[in-house]
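Residue numbers (this note's numbering): 4 to 619.
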């Protein structure tokens with residue numbers, strides 16, 4: 004919800020232009036142009052063109068003076084894209100017909116991003132101040148005695164100083180007191196303190212580097228940095244100056260003007276904050292999340308895990324309790340998630356009811372543990388403190404990238420797929436009703452029972468734990484055990500209910516159910532992860548199974564596990580046409596058919612697991 008107080012800030016944030024580009028080089032690798040890959044609405048407004056008219060075009064096609072020798076865009080932005088440097092510049096932009104502040108940076112070699120701010124009014128203010136200063140300096144040549152009077156009327160602080168480590172002041176205008184809180188005489192000759200003492204320590208070296216460059220190149224000086232005033236307040240200032248050389252070409256002094264730009268800087272910071280943050284929750288937004296994905300797209304971040312979360316029932320909360328209540332739920336979820344993550348992680352609200360976390364150097368086990376901590380904290384809060392909203396639930400899933408060759412987008416898709424699958428397994432999720440409907444229909448159409456599915460899930464998970472399978476794989480086993488026979492919903496009841504052996508024609512129909520189940524799974528969000536396992540759960544180790552005749556390790560591990568536990572449960576359960584075997588007889592059958600029907604290694608693991616169960 005946006006308050007009236009927040010609306011002006013949001014309107015200001017719309018003034019930030021953002022564009023993403025690909026640098027174009029000639030056959031010698033020299034940058035000659037760049038292509039627009041993405042622009043935001045503010046960038047469109049600056050240019051007076053739609054994204055369709057910009058994206059896919061080269062800069063030389065859109066910028067009339069692209070090859071102007073005074074500013075080689077391809078060279079400047081080529082260094083950003085190819086060398087990873089950052090550029091900040093202020094200039095008059097003919098395409099925008101504005102004075103703009105441009106920040107260019109790269110997070111992937113060969114590409115660069117650009118942020119554009121309209122600073123026309125700010126430049127006009129500075130130009131006016133500089134014009135006054137230049138006029139004053141010209142007048143000084145005519146009358147040295149009027150120096151103090153003229154400079155005292157300038158906005159900010161005019162100065163003349165030595166090029167030493169303290170910036171020892173030889174002249175300071177009266178504006179010094181308003182700007183710094185110190186009287187001019189306290190700075191002259193470093194009487195009470197030097198100007199260097201006022202500069203924020205983190206920026207002192209940076210300022211020296213910039214001045215040294217100006218002295219070498221004989222350019223004009225212009226730089227922003229913070230100072231600490233006499234009252235201890237931090238102020239951002241803009242310094243513009245020049246080097247005064249003596250007759251021998253040696254540096255005689257530095258002269259310039261320093262003005263307060265704190266208000267403009269704070270406004271810029273507010274705009275940048277809103278550009279990268281979600282207004283409601285205060286978390287990072289989708290744009291920041293996408294940039295962060297590029298930032299962590301490197302080997303140093305591996306293993307990289309991504310967690311995604313989707314709020315179930317938010318529409319119901321909004322309908323029953325009002326939009327304000329729904330907003331409050333989202334804010335609280337964001338706060339709780341933020342308490343569980345680490346400083347190196349990036350948490351963002353990436354959609355209306357979705358959250359995402361990027362976790363560098365995080366294994367799948369660590370990601371699952373953090374995911375469980377978040378789920379537990381949310382459950383405790385919404386159960387204990389918000390009795391009217393106990394239907395709040397966040398379905399979570401994760402994906403882990405261990406190989407730099409794997410696309411980071413694939414990792415995100417894995418997380419989303421797992422999240423959808425967990426929605427089906429969690430009773431508090433709305434999507435879990437889908438699986439219940441499937442189960443009811445499946446049990447009505449076949450001889451299988453819910454108890455049978457629960458036994459399979461229990462046995463399959465036990466084997467998976469002995470094999471050190473991940474939590475995600477264990478959840479997949481549980482879902483597979485529950486819905487592996489979902490395709491039987493399309494098999495004729497007369498075949499399913501037949502008490503005796505099936506005819507060859509009936510077997511043809513029966514053997515279609517894995518493929519039918521596969522298609523059903525692919526068409527339902529959350530079931531895609533187990534579709535291949537459903538298709539393969541009647542394959543045999545020796546290749547004589549169906550429907551594809553897969554053999555050995557070409558059969559998915561999940562399907563091989565299910566084949567064993569499903570056969571064991573079938574043998575130890577009474578049927579219309581036969582009595583159940585004993586557990587010992589069934590295990591003997593598993594051993595006897597290891598290497599033909601069953602994976603021999605998994606058969607041994609199953610026997611080991613059953614022995615452990617017996618001992619317990």
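Positions of the beta carbon are idealized from the N, C-alpha and C atoms, including for glycine.
**Message:** Rounded to the nearest angstrom, what separates residue 79 and residue 67 at their Cα positions?
**Reply:** Rounded to the nearest angstrom, the two C-alpha atoms are 17 Å apart.
**Message:** On the CB-based measure, 16 or more other CB atoms within 10 Å of its CB, does residue 223 come out buried or exposed?
**Reply:** With fewer than 16 other Cβ atoms within 10 Å, it is exposed.
**Prompt:** Less than 8 Å separating the beta-carbons of residue 484 and residue 524?
**Reply:** In this structure, the beta-carbon distance from residue 484 to residue 524 does not fall below 8 Å.
**Request:** Could you please give the first and the last residue of the uninterrupted beta strand (DSSP E) stretch that includes residue 261?
**Result:** Looking at the DSSP string, the run of the beta strand (DSSP E) that includes residue 261 is 254-263.
**Request:** Please name the residue in 355, 36 and 56 whose C-alpha comes closest to that of residue 75.
**Result:** The candidate whose alpha carbon is nearest that of residue 75 is 36.
**Asked** According to DSSP, is residue 570 helix, strand or coil?
**Response** Helix at residue 570.
**Prompt:** Looking only at C-alpha atoms, which of 353, 336, 362 and 340 sits nearest to residue 347?
**Reply:** Proximity to residue 347 across 353, 336, 362 and 340 peaks at 362, based on C-alpha coordinates.
**Message:** Below 8 Å on the Cβ atoms is my contact criterion, and I expect residue 201 with residue 183 to pass it. Report the Cβ-Cβ distance as a whole number of Å.
**Reply:** Right, their Cβ atoms sit about 6 Å apart.
**Asked** Quick check: the region 160-179 against the region 273-293, are there 3 or more CB pairs under 8 Å?
**Response** Judged by Cβ distances under 8 Å, the region 160-179 makes no contact with the region 273-293, as fewer than three pairs qualify.
**Prompt:** Looking only at its own chain, which residues have a Cβ that is under 6 Å from the Cβ of residue 111, when we skip the five neighbours before and after it?
**Reply:** Excluding sequence positions up to five before and after residue 111, its CB lies within less than 6 Å of the CB of 297, all in the same chain and listed in chain order.
**Prompt:** Based on Cα-Cα distance, which residue from 335, 480, 458 and 265 lies nearest to residue 532?
**Reply:** The shortest C-alpha separation from residue 532 is found at 480.
**Message:** Less than 8 Å between the C-beta atoms of residue 339 and residue 377, yes or no?
**Reply:** Cβ distance < 8 Å, so residue 339 and residue 377 count as in contact.
**Message:** For a test of the three-state rule: what should DSSP assign to residue 280, helix, strand or coil?
**Reply:** In the structure shown, residue 280 sits in a strand (DSSP, three-state: E or B).
**Request:** Identify whether residue 221 lies in helix, strand or coil by the three-state DSSP scheme.
**Result:** For residue 221, the secondary structure class from DSSP, reduced to helix, strand or coil, is coil.
**Asked** Where does residue 91 land, buried or exposed, given buried means 16+ other C-beta within 10 angstroms?
**Response** Taking all protein chains in view, the Cβ of residue 91 is surrounded by fewer than 16 other Cβ atoms within 10 Å, so the residue is classified as exposed.
**Message:** Taking the alpha-carbon of residue 242 as reference, which of 556, 267 and 227 has the nearest alpha-carbon?
**Reply:** Taking residue 242 as reference, the option from 556, 267 and 227 with the minimal CA-CA separation is 227.
**Prompt:** Per DSSP, residue 351 is paired with what?
**Reply:** DSSP, once it has assigned bridges, lists 287 and 359 as partnering residue 351.
**Request:** Please say whether residue 313 and residue 380 have beta carbons closer to each other than 8 Å?
**Result:** With contacts defined by Cβ atoms closer than 8 Å, residue 380 and residue 313 do not form a contacting pair.
**Message:** Is residue 196 close to chain B? Criterion is C-beta to C-beta, closer than 8 Å.
**Reply:** Annotation note: the requested chain B is absent from the structure, which comprises a single protein chain.
**Nearest candidate by alpha-carbon position, reference residue 611, set 599, 590, 203 and 115** = A check of alpha carbon separations from residue 611 across 599, 590, 203 and 115 identifies 590 as the nearest.
**Asked** Who are the near neighbours of residue 601 in its chain, counting only those whose CB is closer than 7 Å to its CB and skipping five residues on each side?
**Response** For residue 601, where only same-chain residues beyond five positions count, the Cβ hits under 7 Å are 544, 566, 567 and 593.
**Prompt:** So is residue 383 buried or exposed if we call it buried at 16+ other beta carbons inside 10 Å?
**Reply:** Per the 10 Å Cβ criterion, exposed.
**Message:** I'd like the span of the alpha helix (DSSP H) that includes residue 50, first residue to last.
**Reply:** First-last of the alpha helix (DSSP H) with residue 50: 44-50.
**Prompt:** Is residue 307 helix, strand or coil by DSSP?
**Reply:** Correct three-state label for residue 307: strand.
**Prompt:** For the alpha helix (DSSP H) that residue 510 lies in, which residues bound it at each end?
**Reply:** Element bounds for residue 510: 507-513.
**Request:** Measure the C-alpha to C-alpha separation of residue 216 and residue 225 and round it to an integer number of angstroms.
**Result:** When the Cα atoms are used, residue 216 and residue 225 turn out to be separated by approximately 11 Å.
**Request:** Assign residue 495 to buried or exposed, taking buried as 16 or more other Cβ atoms, counted over all protein chains shown, within 10 Å of its Cβ.
**Result:** That one is exposed.
**Prompt:** Applying the criterion that 16 or more other CB atoms from any shown protein chain within 10 Å of the CB defines a buried residue, is residue 185 buried or exposed?
**Reply:** Here residue 185 is buried. Its C-beta has 16 or more other C-beta atoms within 10 Å.
**Item:** Buried versus exposed call for residue 421 [16 or more other C-beta atoms within 10 Å across all chains shown]
**Value:** Flag for residue 421 reads buried.
**Message:** Give me the residue from 407, 396 and 408 with the minimum Cα distance to residue 425.
**Reply:** Checking every option, the nearest Cα to that of residue 425 belongs to 396.
**Message:** So, for residue 366: in the same chain, excluding its five sequence neighbours on each side, which residues have a beta-carbon less than 6 Å away from its beta-carbon?
**Reply:** Taken in chain order, the residues that qualify are 306.
**Message:** Let's test the definition: count the other Cβ atoms within 10 Å of the Cβ of residue 511 and tell me whether it reaches 16, buried, or not, exposed.
**Reply:** It counts as exposed.
**Message:** Suppose the cutoff is 8 Å on Cβ atoms and the five residues either side in sequence are ignored; what does the same chain contact list for residue 343 look like?
**Reply:** So the qualifying residues of the chain are 373, 376, 377 and 380.
**Complete runs of the alpha helix (DSSP H) confined to the region 75-127 [at least 4 residues]** = Within the region 75-127, the alpha helix (DSSP H) runs of at least 4 residues that lie entirely inside it are, in chain order, 76-86.
**Message:** Could you check whether residue 564 and residue 463 sit closer than 8 Å to each other, using their CB atoms as the reference points?
**Reply:** The answer is yes: Cβ separation under 8 Å.
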